[in-house]
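Following: one structure in structure tokens, then a few remarks.
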Amino acid sequence: MKAAAKIDMALFELALRMGDNDIVLAQRISAWCGHAPILEEDIALANVALDLIGQTKLWLDLAGEIEGAGRSADDLAFLRDARAYKNALLVERPNGDFAYTLMRQFLFDAWHLPMLRALKSSSEQRVADIAEKAEKEARYHLERTEDLIIRLGDGTQESHSRMQAALDDLYPFAGEFVAPDAIDDELASRKIAPALSEIGALYFDYLETALAEATLKAPVDAPVRKGGRKGLHSEELGYLLAEMQFLQRAYPGAKW
Amino acid sequence: MYAQMVKSTGARVKSLDEMDPEERAFQVRIDADIKVEPKDWMPEGYRKTLIRQISQHAHSEIVGQLPEGNWITRAPTLDRKAILIAKVQDEAGHGLYLYCAAETLGVSRDEMTEQLLSGKAKYSSIFNYPTLTWADIGAIGWLVDGAAIMNQVPLQRCSFGPYSRAMIRICKEESFHQRQGYDIMMKLCAGTAEQKEMAQDALNRWWWPSLMMFGPSDQDSVHSAQSMAWKIKQNSNDELRQKFVDQTVPQAEYIGLKTPDPDCKWNEARGAYDFGEIDWSEFYEVLKGNGPCNKERLEARRKAWDDGAWFRDALMAHAKKREARKMAAE
């Protein structure tokens, strides 16, 4: 018990969960580079990916610091296997078509912003500092995806049906962000992180309004698909990591 | 620069006496280094040459996203990944800029895109080579962006205002790109034997194609004279190529790499590096579409464009709806 008490496991998990969401989503969207429907989107997606990588570094550096075993953000990103990744399942969903990519981003951003806002008043200063910086970026991200969701949902018949299909498929993954487990409860009781039920209420209220404006309907009674935050992922994550970690794995110990 | 063999008028350069008054006044202004702006009168040939050159340059930035984009998901560290994304993003931004500069000459971005996708418009031959290892990302930044800067620095003084101003901004970013590329190579050369081998292999593969970026030798370059008279082009291909070699060879030596050219050596008398004969048949094959990746590059661009049609249509449709609602409310 004494040895375990040295590492603040709940805080470590929080940093991993936040950072892993960022890096996995950044990895996904950066694959669009050069392939987006219009040049402005290539540029915008790259911007978001850059923000998320910046945030990854902050969270994973913090995780490494809390762990105290000398692991850097790069070690944590490039040398952990899928079971040790703690991102929610949503962010590892494959890119699909551009509608799918945008809907995934929107469902993420819509949670990310209220979560970061709440983390700004974390009792843990290092968490509050990261949230302070990241929240500004998340605000822009959500502004952008909300605008696009509305325009595409209420665009042509084709764009509407593509966005609706994406929503039908992805909506079940949204709930995982706000489904608390024992770690979240501990973080909330220590005022390090907000109660996820509060974030959930904000999240779903917001989604309802924005989706209505986009003339899209969230599926009713969709069972929540979760597991990633505990390290139980979809099969896709292994491939994502194999690609991302290739050089670090193929040339162990090399400096780049 | 990423424009090669841009067709000029093909006719020989007229003397001032042979020009009609409008054209003469235009040439006199050019000779006096006064910038031409989009609304000014200009000879049709000047306009056409610039459209070709600027759009070719823009297309190169766009297609150029692909070989480097190929390594974004495999970049070895978070920093390298971020730097690479930022670089590719800069290129997309350059493309956007340049398309805007070309649009001031009376061609739309959609028309230019159509010309690229149909194969009618060209882009730089260099982007038809594959990026096989991480070192290729270093080599591209160092050599390809290095060659581009060599070409683009004089273009900052190009007679056409919008192009000249775009170049001033682009050059700043390109020099950052070159430094990051060289930094990747330095790191590899200071690393393990395998990493150093990776760096040397990348230099071997990218060296000659980089030299080809400057275009054919002056004696074979049919379009230069008029472009020079118009100050669209400022230096000859061979001049710039020599400058590039002189700059790059010592950089290679500094990190313990060697160019793949056995004839490459310092010529004391000339005060420059001699280098071997370029295999121009390879260059013309790549230009004809027979390079290692021509087909893949164009297919990737076509796919992006075709798959994105619904997205672009929807944004237009929504804008119209909004407009209609606004009108109805008024």
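Going line by line, the protein sequences match chains A and B. Its first residue numbered 1, the first sequence is counted upward by one per residue in my numbering. Its first residue numbered 257, the second sequence is counted upward by one per residue in my numbering. Ideal placement from N, C-alpha and C gives every residue a C-beta, glycine not left out.
When the options are compared against residue i, the one with the closest alpha-carbon
i: isoleucine 23 of chain A; options: A:Leu240, A:Lys255, A:Ala254 and A:Tyr251; result: A:Leu240
i: arginine 233 of chain A; options: A:Phe173, A:Ser197 and A:Arg83; result: Here residue 233 of chain A is histidine; the residue named in the question, arginine, does not match the sequence. Ranking the options by Cα distance to histidine 233 of chain A, first place goes to A:Arg83.
i: glutamine 125 of chain A; options: A:Leu11, A:Leu170 and A:Arg249; result: A:Leu11
i: leucine 496 of chain B; options: B:Ile488, B:Phe470 and B:Thr504; result: B:Phe470
i: arginine 558 of chain B; options: B:Trp390, B:Ala481 and B:Ser374; result: B:Ser374
i: arginine 139 of chain A; options: A:Lys120, A:His160 and A:Asp109; result: A:Asp109
i: phenylalanine 98 of chain A; options: A:Gln164, A:Asp185 and A:Lys133; result: A:Gln164
i: isoleucine 130 of chain A; options: A:Lys57, A:Pro223, A:Glu40 and A:Phe204; result: A:Lys57
i: tryptophan 464 of chain B; options: B:Pro548, B:Leu399, B:Leu334 and B:Gly437; result: B:Leu399
i: aspartate 169 of chain A; options: A:Leu187, A:Gln27, A:Asp185 and A:Leu216; result: A:Leu216
i: lysine 230 of chain A; options: A:Glu176, A:Arg28 and A:Asp221; result: A:Glu176
i: alanine 570 of chain B; options: A:Asp185, A:Ala174, A:Glu186 and A:Arg151; result: A:Arg151
i: glycine 402 of chain B; options: B:Ala508, B:Cys414, B:Lys551 and B:Lys376; result: B:Ala508
i: valine 127 of chain A; options: A:Ala242, A:Gln245, A:Ala250 and A:Glu13; result: A:Glu13
i: leucine 102 of chain A; options: A:Leu113, A:Leu148 and A:Ile183; result: A:Leu148
i: alanine 357 of chain B; options: B:Val409, B:Gly394, B:Lys343 and B:Lys295; result: B:Lys295
i: arginine 435 of chain B; options: B:Met275, B:Ala288 and B:Ile393; result: B:Ile393
i: leucine 142 of chain A; options: A:Leu113, A:Lys6, A:Arg162 and A:Asp205; result: A:Leu113
i: serine 15 of chain A; options: A:Ala44, A:Cys33, A:Ser72 and A:His35; result: Residue identity check: residue 15 of chain A is alanine in the sequence provided, not serine. When only C-alpha atoms are compared, the closest one is A:Ser72.
i: methionine 406 of chain B; options: B:Ala458, B:Asp563, B:Met572 and B:Thr504; result: B:Thr504
i: lysine 487 of chain B; options: B:Glu541, B:Asn326, B:Lys544 and B:Arg413; result: B:Arg413
i: glutamate 278 of chain B; options: B:Ser537, B:Val269, B:Trp297 and B:Pro506; result: B:Trp297
i: isoleucine 328 of chain B; options: A:His35, A:Glu236, A:Glu235 and A:Thr209; result: A:His35
i: cysteine 520 of chain B; options: B:Gly527, B:Gly532 and B:Arg526; result: B:Gly532
Cross-strand partners of residue i (DSSP beta bridge)
i: aspartate 530 of chain B; result: B:Lys521
i: valine 292 of chain B; result: B:Phe416
Cα-Cα separation between residue i and residue j, rounded to whole angstroms
i: leucine 52 of chain A; j: glutamine 283 of chain B; result: 52 angstroms
i: leucine 444 of chain B; j: glycine 397 of chain B; result: 14 angstroms
i: isoleucine 290 of chain B; j: alanine 314 of chain B; result: 25 angstroms
i: alanine 46 of chain A; j: glutamine 345 of chain B; result: 6 angstroms
i: alanine 69 of chain A; j: threonine 369 of chain B; result: 52 angstroms
i: alanine 160 of chain A; j: aspartate 8 of chain A; result: Per the sequence presented here, residue 160 of chain A reads as histidine, with alanine not at that position. When rounded, the distance between both Cα atoms is 46 angstroms.
i: arginine 280 of chain B; j: serine 271 of chain B; result: 9 angstroms
i: tyrosine 302 of chain B; j: isoleucine 310 of chain B; result: 12 angstroms
i: isoleucine 66 of chain A; j: lysine 337 of chain B; result: 25 angstroms
i: isoleucine 534 of chain B; j: isoleucine 38 of chain A; result: 37 angstroms
i: alanine 74 of chain A; j: tryptophan 522 of chain B; result: The identity of residue 74 of chain A in the sequence shown is aspartate, whereas the question assumes alanine. Rounded to the nearest angstrom, the two C-alpha atoms are 43 angstroms apart.
i: glycine 587 of chain B; j: alanine 254 of chain A; result: In the structure as shown, chain B begins at 257 and stops at 586. Residue 587 of chain B is therefore absent and cannot be evaluated.
i: methionine 454 of chain B; j: serine 380 of chain B; result: 25 angstroms
i: glutamate 41 of chain A; j: asparagine 95 of chain A; result: 15 angstroms
i: arginine 17 of chain A; j: aspartate 517 of chain B; result: 51 angstroms
i: cysteine 549 of chain B; j: histidine 350 of chain B; result: 22 angstroms
i: serine 466 of chain B; j: threonine 387 of chain B; result: 14 angstroms
i: serine 420 of chain B; j: alanine 449 of chain B; result: 44 angstroms
i: tyrosine 203 of chain A; j: phenylalanine 173 of chain A; result: 13 angstroms
i: arginine 80 of chain A; j: aspartate 457 of chain B; result: 30 angstroms
i: lysine 551 of chain B; j: lysine 376 of chain B; result: 14 angstroms
i: asparagine 87 of chain A; j: glycine 228 of chain A; result: 5 angstroms
Residue j beta carbon less than 9 angstroms from that of residue i
i: leucine 62 of chain A; j: glycine 19 of chain A; result: yes
i: glutamate 158 of chain A; j: tryptophan 561 of chain B; result: no
i: phenylalanine 383 of chain B; j: leucine 306 of chain B; result: no
i: arginine 28 of chain A; j: glutamate 132 of chain A; result: no
i: lysine 378 of chain B; j: glutamine 482 of chain B; result: no
i: tyrosine 256 of chain B; j: isoleucine 426 of chain B; result: The question about residue 256 of chain B has no answer here: the residues shown for chain B are numbered 257 through 586.
i: leucine 116 of chain A; j: alanine 134 of chain A; result: yes
i: alanine 179 of chain A; j: valine 224 of chain A; result: yes
i: alanine 331 of chain B; j: leucine 322 of chain B; result: no
i: alanine 193 of chain A; j: aspartate 184 of chain A; result: yes
i: leucine 50 of chain A; j: alanine 26 of chain A; result: yes
i: phenylalanine 78 of chain A; j: threonine 333 of chain B; result: yes
i: isoleucine 511 of chain B; j: methionine 572 of chain B; result: no
i: lysine 343 of chain B; j: glutamate 324 of chain B; result: yes
i: cysteine 493 of chain B; j: proline 472 of chain B; result: Strictly speaking, residue 493 of chain B in this sequence is asparagine, with cysteine absent from that position. Against a cut-off of 9 angstroms, the Cβ pair of proline 472 of chain B and asparagine 493 of chain B comes out as a contact.
Listed from N- to C-terminal order along the chain, which residues in the stretch 152-172 of chain A have their beta-carbon within a distance smaller than 7 angstroms of any beta-carbon of chain B? Leu152, Asp154, Gly155, Thr156, Glu158, Ser159 and Arg162
Below 8 angstroms between beta carbons is the criterion; list the residues of the stretch 125-138 of chain A that meet it against any residue of chain B, in chain order. none
Contact residues within the stretch 208-224 of chain A, judged by C-beta distance below 7 angstroms to chain D: No chain D appears in the structure shown, which is made up of the protein chains A and B.
Mind checking the stretch 10-39 of chain A against chain B and listing, in chain order, the residues whose C-beta falls within less than 7 angstroms of any C-beta there? Gln27, Ser30, Ala31, Cys33, Gly34, His35, Ala36, Pro37, Ile38 and Leu39
Scan the stretch 72-94 of chain A for residues whose Cβ lies nearer than 8 angstroms to a Cβ of chain B and list them as they occur along the chain. Ala73, Asp74, Ala77 and Phe78
Interface residues of the stretch 570-586 of chain B facing chain A [CB-CB below 9 angstroms]: Ala570, Leu571, Met572, Ala573, His574, Ala575, Lys577 and Arg578
Can you pull out the residues from the stretch 433-454 of chain B whose beta carbon lies closer than 7 angstroms to at least one beta carbon of chain A? Lys443, Gly447, Thr448, Glu450 and Gln451
Residues of the stretch 328-341 of chain B with a CB closer than 7 angstroms to any CB of chain A: list them in chain order, please. Ile328, Thr329, Arg330, Pro332, Thr333, Leu334, Arg336, Lys337, Ala338 and Ile341
For the stretch 522-548 of chain B, enumerate the residues whose C-beta is nearer than 7 angstroms to any C-beta of chain A, in chain order. none
Anything in the stretch 550-561 of chain B with a Cβ closer than 7 angstroms to a Cβ of chain A? List those residues in chain order, please. Ala556 and Ala560
Contact set between the stretch 241-256 of chain A and chain B, restricted to residues whose Cβ is under 7 angstroms from the partner: Glu243, Met244, Phe246, Leu247, Gln248, Tyr251, Ala254, Lys255 and Trp256
Residues of the stretch 339-369 of chain B whose Cβ lies closer than 7 angstroms to any Cβ of chain A, in chain order: Ile341, Ala342, Val344, Gln345, Ala348, Gly349, Gly351 and Leu352
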